[in-house]
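Heads up: the structure comes next, in structure tokens.
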Amino acid sequence: MCNDDPSPPPPGPTPRRHRLLRRRLGQLGLVLGLMAAALPLRAEGPHEAAALMGSWCDDTGYQLNLTQSAIWFRDLQAVEDPPAGADLAFAANIAVYTQDFRQSAYPEIGLIACSLTLTGPDRAREHCEGPGIGFRPTIDLTRCPETPIS
């Protein structure tokens, strides 16, 4: 076959489109999986996870704040605070949520699915998964001290 053929390539996906499609489908699967997992959790409601409510910190300046209706974050070492969580759902001693970093200072992290699990009276573990890079998958937290971390 000759490479001088001026005809356009055959219609259909190119290898680049395949990669983009695979990535988008992976992200969609992550979100759908989290939503499916959260549906039974929503039935129990935030009262089942009352022990999780409040502020959680680690020793690096990362702080997670959880109420019955919202979850938000502070990170003293970051350029900007992480985005607030969405799709918040609860079960006994666990909260699940998503964080969308795609429009933040850290777009390489992408969309991640996270859980916050109570591991002791004043201890919790945040675990996140997603297709992106640059985030800590597991963070051990303790109740924040009464005085703010500086």
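At the far end of the sequence shown sits residue 459, using the numbering used here, and the numbering has no gaps.
All residues carry an ideal CB built from backbone N, CA and C; glycine is no exception.
Top-ranked residue by Cα proximity to residue i, from the options
i           : options            : result
residue 386 : 377, 399, 368      : 368
residue 420 : 393, 399, 361, 374 : 393
residue 358 : 400, 381, 379, 383 : 400
residue 430 : 444, 415, 451      : 451
residue 428 : 444, 449, 379      : 449
First through last residue of the beta strand (DSSP E) which encompasses residue i
i           : result
residue 376 : Looking at the DSSP string, residue 376 is not in any beta strand (DSSP E), and its letter there is neither H nor E.
residue 408 : 403 to 409
residue 429 : 420 to 429
residue 399 : 395 to 400
Residues of its chain near residue i, where Cβ-Cβ distance is below 6 Å and the 5 sequence neighbours each way are ignored
i           : result
residue 426 : 403, 434
residue 436 : 424, 447
residue 463 : This structure cannot speak to residue 463, because the chain is shown only from 310 to 459.
residue 374 : 364, 381
Close beta carbons around residue i, own chain, < 7 Å, minus the five adjacent residues each side
i           : result
residue 453 : 364, 365, 366, 372
residue 348 : Bear in mind that a pLDDT of 48 at residue 348, under 50, signals an unreliable position, so the number given afterwards is only what the model happens to contain. Excluding sequence neighbours, residue 348 sits near nothing in its chain.
residue 370 : 384, 385, 386, 458
residue 406 : 380, 394, 395, 396, 397, 423
Expected contact under 8 Å - CB spacing of residue i and residue j to nearest Å
i           : j           : result
residue 439 : residue 417 : Actually they are not in contact, since the Cβ atoms of residue 439 and residue 417 sit about 11 Å apart, beyond 8 Å.
residue 391 : residue 408 : 6 Å
residue 414 : residue 389 : 5 Å
residue 379 : residue 361 : That pair is no contact at about 13 Å.
Helix, strand or coil at residue i [DSSP, three-state]
i           : result
residue 359 : helix
residue 455 : coil
residue 488 : Outside the shown range of the chain (310 to 459) lies residue 488, about which nothing can therefore be said.
Cut-off 8 Å between Cβ atoms - residues of its own chain near residue i, not counting five sequence neighbours on either side
i           : result
residue 443 : 415, 417, 418
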